[in-house]
Amino acid sequence: MTERGGSPLVYRWRVRAALFVLVAVIVLARPNARSIALGLAVCALGLLIRGWAAGHIRKEKSLAVSGPYRFTRNPLYLGNFILGLSMAVGSNSLWGVGLFVLYFLVFYPPVILEELRRMKRLFPAEYESYGRQVPLFFPSLRRRAAAEGPRFSWALYRRNRETRALIGSAVVWAVLIAKAVFLL
């Protein structure tokens, strides 16, 4: 299932579907002070993981094995999961949580598997060894030796346009907070 350029359709539809799910979660939301506080705390964790990963990854130029890539091969996707879950929790809606979980289960496993195939193609020897040591998605917190690789870089963070996740999250939270205030 690919587009003409060889890029999987799931990548394009993942973003489009996310917008529909996000709108549905906001419409279904019945946020309150407690759900907002809990959701914001979870959101901060997701943004920290994504930001940490973005400051280490040199997309398709070298295999990222430092920073959060020592614990999971997909920290950006793990961060996305945590961000989505935070917004579902902040919505205070079981339907919202259910929609997010369904969305994630439909789109992310194929995306993660496609990413795995691409990394094996780009970095065959390195990825084989790396894959034996680091789990695909759920992080392992076992103590590991520091991986060789670059330290966190703010320039990479900006080049990877990670500020979009921060701004997008801020907008969603502003809407959820406004909805909580006007529902009271």
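End of the sequence shown = 185 in the working numbering, gap-free, step of one. Ideal placement from N, C-alpha and C gives every residue a C-beta, glycine not left out.
query, result
"Could you name the residues of the same chain whose beta carbon sits closer than 6 Å to that of ALA175, not counting the 5 residues immediately before and after it, in chain order?", "none"
"Suppose you measure from the CA of LEU10 to the CA of ALA19; what does that come to, to the nearest Å?", "14 Å"
"Nearest to GLY97 by alpha carbon, out of ARG162, GLY85, PHE139?", "GLY85"
"Would you be able to state if there are at least three C-beta pairs under 8 Å between the stretch 39-54 and the stretch 74-89?", "yes"
"Quick one: residues in its chain with C-beta nearer than 7 Å to the C-beta of ILE83, no 5 flanking neighbours on either side, listed in chain order?", "VAL43, LEU46, GLY47, ILE50"
"Compare the C-beta of GLY132 against all C-beta atoms of chain B and say whether one is closer than 9 Å.", "This model lacks chain B altogether; it includes just one protein chain."
"Could you spell out the range, first to last residue, of the alpha helix (DSSP H) harbouring LYS121?", "95-123"
"Express the C-alpha separation of ALA156 and ARG165 in angstroms, rounding to a whole number.", "15 Å"
"Where do the N-terminal and C-terminal ends of the alpha helix (DSSP H) with TYR158 fall, by residue?", "155-160"
"Could you tell me which of LYS180, GLY68, GLY99 sits nearest to ARG152, measuring between CA atoms?", "GLY68"
"What's the C-alpha gap between ARG59 and ILE113?", "17 Å"
"Report the rounded CA-to-CA distance for TYR128 versus SER63, giving the unit in angstroms.", "10 Å"
"Apart from the five residues on each side of it in sequence, which residues of its chain come closer than 8 Å, Cβ to Cβ, to THR73?", "LEU79, VAL135, PRO136, LEU137, PHE138, PHE139, PRO140, SER141"
"If you run the structure through DSSP and keep just helix, strand and coil, what is SER141?", "coil"
"Can you tell me which of ALA25, ASN81, PRO111 puts its alpha carbon nearest to the alpha carbon of GLY169?", "ASN81"
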